[in-house]
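The sequence shown runs 12 to 231 under the numbering used here. Taking it in order: structure first as structure tokens, then the write-up.
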Amino acid sequence: MHTGKRLAMLNPKNCRFDIGSGGIPDIVATDVAAALGMVPDGIGREVLCRVWWPDGAKLTASQLRDLVDAKMREEWARREAAMLDGLLAIAARGSKGQRSYADAHAARWPRLVVREHEVPQLAPGYAKVRDAVIDELASAGLCQTCHGRCQVANDMGVYRACKECSGEGHMRLSERGRADLCGFSWKTYREGWASVYDWTFQACTDDLHSAERQFHGALA
12 MHTGKRLAML
22 NPKNCRFDIG
32 SGGIPDIVAT
42 DVAAALGMVP
52 DGIGREVLCR
62 VWWPDGAKLT
72 ASQLRDLVDA
82 KMREEWARRE
92 AAMLDGLLAI
102 AARGSKGQRS
112 YADAHAARWP
122 RLVVREHEVP
132 QLAPGYAKVR
142 DAVIDELASA
152 GLCQTCHGRC
162 QVANDMGVYR
172 ACKECSGEGH
182 MRLSERGRAD
192 LCGFSWKTYR
202 EGWASVYDWT
212 FQACTDDLHS
222 AERQFHGALA
């Protein structure tokens, strides 16, 4: 069964007295909760809840933001270290070390810490990317126009296939859509933040898929 359907069992249910129980299900909500508890703590589990169990994820929303922030800071530090290695390569090998420096410079991210009134603060762009990545993941790839229904109604109440997603209900957010989600201009996003977004989204997606495998393994 799909991960979303399993985790949906944790949502509140209406009680009905006009029908029987229909037998004993193979998986009940307590089984799902136990399996979720066996997924190691981290971005994967938090994103898993954010995507498929948003009501439960509200309890740990700040924790998810902190985890993504830490992952981005770690990657920023790694890229800055590569820049230093590139400079040392030039100092040690001259022109032969220029390739290492050029590659590190091309992969460098925007400055992480800025100073405002002489007080060091995290650059606000990283928070914008973090929140946008989480929002895109939480949408589960659903078309934002029809919300996954594949159809939209006109003013007369007549339903037709959604033009935005060609009636598929799903679509990948475009680069311009990501820029808008972050609140950046297209130029600012393309020149400074696209690589940050791509890396963060992929890293969180990998953690999500790992958590899904662990969740299903615990249920098996």
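Cβ atoms here follow ideal geometry from the backbone N, Cα and C, with glycine treated the same way.
Give me the Cβ distance between residue i and residue j, rounded to the nearest whole Å; I'm assuming they're in contact under 8 angstroms.
i      : j      : result
Thr211 : Val140 : 6 angstroms
Trp120 : Arg90  : 6 angstroms
Leu192 : Glu223 : No, Leu192 and Glu223 are not in contact; Cβ-Cβ is about 24 angstroms, not under 8 angstroms.
Ala149 : Val39  : With 8 angstroms as the limit, Ala149 and Val39 do not qualify as a contact, their Cβ atoms being about 26 angstroms apart.
Arg171 : Gly152 : Actually they are not in contact, since the Cβ atoms of Arg171 and Gly152 sit about 22 angstroms apart, beyond 8 angstroms.
Gln74  : Glu57  : 6 angstroms
Ala214 : Lys82  : 6 angstroms
Gly53  : Leu78  : 7 angstroms
Thr14  : Phe226 : 7 angstroms
Tyr208 : Val144 : 7 angstroms
Do the CB positions of residue i and residue j come within less than 7 angstroms of each other?
i      : j      : result
Gly55  : Ser185 : no
Val43  : Leu59  : no
Arg189 : Trp197 : no
Ala138 : Leu123 : no
Gly108 : Ala118 : no
Cys176 : Val163 : no
Gly136 : Trp204 : yes
Gly178 : Cys154 : no
Bridge partners of residue i, per DSSP?
i      : result
Tyr170 : Ala164
Taking 6 angstroms as the cut-off, is the beta-carbon of residue i closer than that to any non-hydrogen atom of the ligand GDP?
i      : result
Arg104 : No copy of the ligand GDP appears in this structure; indeed no ligand is present at all.
Beta-carbon of residue i versus every beta-carbon of chain B: anything under 7 angstroms?
i     : result
Glu85 : Any reference to chain B falls outside this structure, which holds one protein chain only.
On the three-pair Cβ rule with 8 angstroms, is the stretch 43-62 touching the stretch 112-122?
no
Could you name each continuous alpha helix (DSSP H) segment of 4 residues or more that falls completely within the stretch 184-220, going from the start of the chain to the end?
186-193
What are the complete alpha helix (DSSP H) segments, minimum 4 residues, inside the stretch 64-144?
65-68, 72-104 and 109-117
Just list the alpha helix (DSSP H) runs in the stretch 40-64, keeping only unbroken ones of 4 residues or longer that don't cross its boundaries, in chain order.
40-48 and 54-63
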